[in-house]
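Working notes, beginning with the structure itself.
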Amino acid sequence: KGVSERILLEQIPSNGDNLNKIIDAMKRSVRIEVGYKKYGSSECASTMTLEPYFVKLFSKRWYVLVKFPEPTGKLFTLALDRIVLLEVLEDKYVYDKDFEPAGWFRNCYGIVRDDDVQVEKIVIRAFGKEANYLRDLPLHHSQKEITREGEFSDFELILSPTADFWTPLMARGATIKILQPQWLADEIKRLHLEAARLYE
Numbered sequence: 380k381g382v383s384e385r386i387l388l389e390q391i392p393s394n395g396d397n398l399n400k401i402i403d404a405m406k407r408s409v410r411i412e413v414g415y416k417k418y419g420s421s422e423c424a425s426t427m428t429l430e431p432y433f434v435k436l437f438s439k440r441w442y443v444l445v446k447f448p449e450p451t452g453k454l455f456t457l458a459l460d461r462i463v464l465l466e467v468l469e470d471k472y473v474y475d476k477d478f479e480p481a482g483w484f485r486n487c488y489g490i491v492r493d494d495d496v497q498v499e500k501i502v503i504r505a506f507g508k509e510a511n512y513l514r515d516l517p518l519h520h521s522q523k524e525i526t527r528e529g530e531f532s533d534f535e536l537i538l539s540p541t542a543d544f545w546t547p548l549m550a551r552g553a554t555i556k557i558l559q560p561q562w563l564a565d566e567i568k569r570l571h572l573e574a575a576r577l578y579e
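Counting in our numbering, the sequence shown runs from 380 upward without gaps.
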């Protein structure tokens, strides 16, 4: 067998043709026309003329950060697998040279950026082998280990704890505990109790 058959990658459900079109539009600084359906809907919700700024792969999905043409100028994120129509136009746009793609989601866990959710310090206690997993694969670039004991380690992160950040915390079950902030600890506890009630 060839080497290519022995390299297995995760399946990405997004339309590769759309990704290629968006990259082409970014290279040429031309606008795109997008038909988009909301999550859970089977119908196209709207058609928009947009300026593509950058693409990002997160949690097996491709996303594109786009901008409405001026005077609106609003920036927002679209998932490529929910784009039902994409046409590359010939209308030129001027990309903001001061814009930093790497900085747009710097304080986010994934692709959710909510200015109403403040950036704050998160402290997570990891028990047993879970501490090793967090060392090997940090949850966020800001993560650092602040305490190391025999049976647990504490990790500090500085980010905006939007709801998408709760999922990896929930997935770790009883192997971690949120120490700070208290509101996040209470929310994760509530979600665990709700999940437990499903099995009663």
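C-beta: ideal position from N, C-alpha, C; glycine also.
Just so we're clear, the structure is a prediction, and the values are computed from it rather than from any experiment.
| query | From which residue to which residue does the beta strand (DSSP E) around E384 run? | reply | Translated into positions along the sequence shown, residue 384 becomes position 5. Counting along the chain, E384 falls outside any beta strand (DSSP E), and DSSP gives it neither H nor E.
| query | Between S438, I501, V467 and K508, which lies nearest to D396 when the distance is taken from Cα to Cα? | reply | Residue 396 sits at position 17 when you count from the first residue of the sequence shown. The closest CA to that of D396, considering only S438, I501, V467 and K508, is found on V467.
| message | What would DSSP say about D403, mapped onto helix, strand or coil? | response | The residue given as residue 403 occupies position 24 in the sequence shown. If DSSP states are grouped into helix, strand and coil, D403 belongs with the helices.
| task | Taking 8 Å as the cut-off, decide whether the C-beta atoms of V491 and T541 are in contact. | result | For the purposes of this step, residue 491 is taken as residue 112 along the sequence shown, with counting starting at 1. For the purposes of this step, residue 541 is taken as residue 162 along the sequence shown, with counting starting at 1. A contact, by the Cβ cut-off of 8 Å.
| Taking the C-alpha atoms as reference points, what is the distance between G529 and E566? | Start at 1 with the first residue of the sequence shown, and residue 529 comes out as number 150. Start at 1 with the first residue of the sequence shown, and residue 566 comes out as number 187. Rounded to the nearest angstrom, the two C-alpha atoms are 28 Å apart.
| Going by the CB atoms, is the gap between V413 and L454 shorter than 8 Å? | If you number the sequence shown from 1, residue 454 lands on position 75. If you number the sequence shown from 1, residue 413 lands on position 34. No Cβ-Cβ contact shorter than 8 Å links L454 with V413.
| field | Three-state class that DSSP yields for F534 in the structure shown | value | Counting from 1 along the sequence shown, the entry for residue 534 is found at position 155. Here DSSP, grouped into helix, strand and coil, assigns F534 to strand.
| Does the distance from the C-beta atom of I402 to that of V434 stay below 8 Å? | Taking the sequence shown and counting its residues from 1, the one referred to as residue 402 is at position 23. Taking the sequence shown and counting its residues from 1, the one referred to as residue 434 is at position 55. A distance below 8 Å separates the beta carbons of I402 and V434.
| query | Can a CB atom of chain C be found closer than 8 Å to the CB of A574? | reply | The displayed structure is made up of one protein chain only, and chain C is not part of it.
| Bridge partners - I490, DSSP secondary structure assignment | Here residue 490 refers to the residue found at position 111 when the sequence shown is read from its first residue. Answer is none; I490 lacks a bridge partner.
| query | Considering only residues of the same chain and omitting the five flanking positions on each side of K508, which have a CB-CB separation below 7 Å? | reply | Taking the first residue of the sequence shown as 1, we reach residue 508 at position 129. So the list is empty, once near-sequence residues are dropped.
| task | Within its chain, find whatever has a CB closer than 6 Å to the CB of K523; leave out the 5 residues flanking it on each side and keep chain order. | result | Stepping through the sequence shown from its first residue, residue 523 is reached at position 144. If we look at K523 and ignore the five residues flanking it on each side, its Cβ neighbours are E535.
| query | Should K416 and R461 be called a contact, given that it needs their Cβ atoms to be closer than 8 Å? | reply | Stepping through the sequence shown from its first residue, residue 416 is reached at position 37. Stepping through the sequence shown from its first residue, residue 461 is reached at position 82. The Cβ atoms of K416 and R461 lie closer than 8 Å to each other.
| field | Beta-carbon separation (whole angstroms), I557 vs L563, contact threshold 8 Å | value | Walking along the sequence shown from the start, residue 557 turns up at place 178. Walking along the sequence shown from the start, residue 563 turns up at place 184. Correct: roughly 5 Å between the Cβ atoms.
| Beta-bridge pairing of P540 - partner residues as DSSP gives them | Locating residue 540 in the sequence shown gives position 161, counting from the first residue. In DSSP, P540 forms no bridge with anything.
| Residue from P431, K568 and Q497 whose Cα sits closest to the Cα of I537 | Here residue 537 corresponds to residue number 158 of the sequence shown, with the count starting at 1. The residue with the shortest Cα to Cα distance from I537 is Q497.
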